[in-house]
Amino acid sequence: MHLVDITMFYAAQGGGVSTYLAAKANWLAQCSRIHHTIVAPAREGDTAFPNPHLFQVPSLAIPGSPNYRMPRSPGAAAAVLRRLQPDLIEVGDPYQSAWAALRIKRESGIPVVAFHHSDLPQLVGQRLGPTAQALATRYLQHLYRQVDLVLAPSDVMARRLRAMGLRRVRRQPLGVDTTVFSPRRRDPLLRARLGLAPDTRLLVYAGRFTREKKLPLLIAAVERLGRPYHLLLVGGGESLPSSPHYTCLPFQHGPAQLARILASCDLLVHAGDCETFGLVVLEGMACGLPVLGVAAGGVRELIDPATGLLVPPNDAAALADGAAVLFGSELPTLGANARRKMLEQYDWDIIMPQLIARYASLLASPQQAELQAGVAYATE
């Protein structure tokens, strides 16, 4: 059984899709008999494949997006897929990758699954206005009606896709490696290494620095709070307003390094209001952190009163007040609840068999039996 993931959202500088695909590759290699390949863009002439599951295709730079590249054409990506002879393809973006997969579907009849990682209409609407958002919606409708199944990581995204008239939509949350992301990673010397006082109340965000993440809002909230609050931003991207109330650390290339940082902070904060899911929220909660988020997008479905707090979006004062409220509560209890929730609902050993069962439902009998055997093998 050969499962192929294809996406332009696979990059050395991480991101939710990269994290998901790396976790999937690792889990399938350890816990199943399924052969798995990731197909992603590469620079011309690049023959170094540090990931044994990665098959790179010639690509083009995307203006204004240094972390991602796109396949040179749907035909070039389709040629790679054709050589790989997959039994099922999962598409992680709605661009050339998706059209390449649909070419293979038309030729061989193999099923294609689209994972709705990015809310294209909303992102386009925020940047270009309602007319562009309507065009993006029609484009997505046209594309997704041709695939066999659309997976959405949250209820809000599944409802939004169904409101477009799409019927083959299922909610499929992502997961977290609770052995890597764990409170045991806590580093008691982190504050000293950052030059911060031992009593600093340390808030943390990890991910890309983009407009949609609303990082200036987080910075403004911490400035309102003042000492002893301090914000730690882990990642990179767009420039941010300068302030003595936050510290930046670069993107962490290994999940264990990120887990060490997260587990050493007090509170995960997330101000983005258009997340389809929010994988870093799972990672923080698995590390035993309560979460302060906004009541919008997929993040709102991950946080409950036992694990954190939701505040209105686009409101620095509400974020500041929310942080003060949480620090005035039993943070260790909230963090323990968050960790327990990840163990019981979002560990990859729970999520991945759900995903494989969805694949199996699309396949003819021999491949379906093979996938189901993989699930059984993984849970033995």
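Residue numbers (the working numbering): 18 to 397. The beta-carbon is built from N, C-alpha and C at its ideal position, and this holds for glycine as well. Here the structure is a predicted model, which means the values were calculated and not measured.
Put simply, the segment 136 to 153 does not touch the segment 259 to 266. Fewer than three CB pairs are less than 8 Å apart. Where A323 is concerned, there is no enclosing alpha helix (DSSP H), because DSSP gives it neither an H nor an E. Looking at the DSSP output, T54 shares a beta bridge with V21. Scanning the segment 68 to 151 for uninterrupted alpha helix (DSSP H) segments of 4 residues or longer gives 91 to 101, 113 to 125 and 137 to 145, listed from N- to C-terminal end. In its chain, beyond the 5 residues on either side, L309, L326 and V328 have a beta carbon closer than 6 Å to the beta carbon of G339. According to the DSSP assignment, Y37 belongs to the alpha helix (DSSP H) that extends over G33 to C48. DSSP places F226 inside the beta strand (DSSP E), whose first and last residues are R218 to F226.
Under DSSP, the beta-bridge partners assigned to V311 are V328.
The three-state secondary structure of R184, taken from DSSP, is coil. For A340, the uninterrupted alpha helix (DSSP H) run begins and ends at A333 to F344, by DSSP. In this structure, A238 keeps its C-beta atom at 8 Å or more from the C-beta atom of L348. Closest in C-alpha terms to L379, from the list V129, I55, L71 and A42, comes V129. Approximately 45 Å separates the beta-carbon atoms of D165 and L219; this is outside 8 Å, ruling out the contact.
Beta-bridge analysis with DSSP links D364 to V193. In the three-state reduction of the DSSP assignment, V164 falls in the coil class, being assigned neither a helical nor a strand state. Relative to L360, the option among V193, E124 and L266 whose CA is nearest is V193. C304 and R241 do not touch by the CB rule: their CB atoms are close to 26 Å apart, not below 8 Å.
Looking at the DSSP output, A169 bridges to R188. The DSSP-derived three-state label of H247 is strand. Here the alpha carbon of Y363 sits roughly 11 Å from the alpha carbon of A355.
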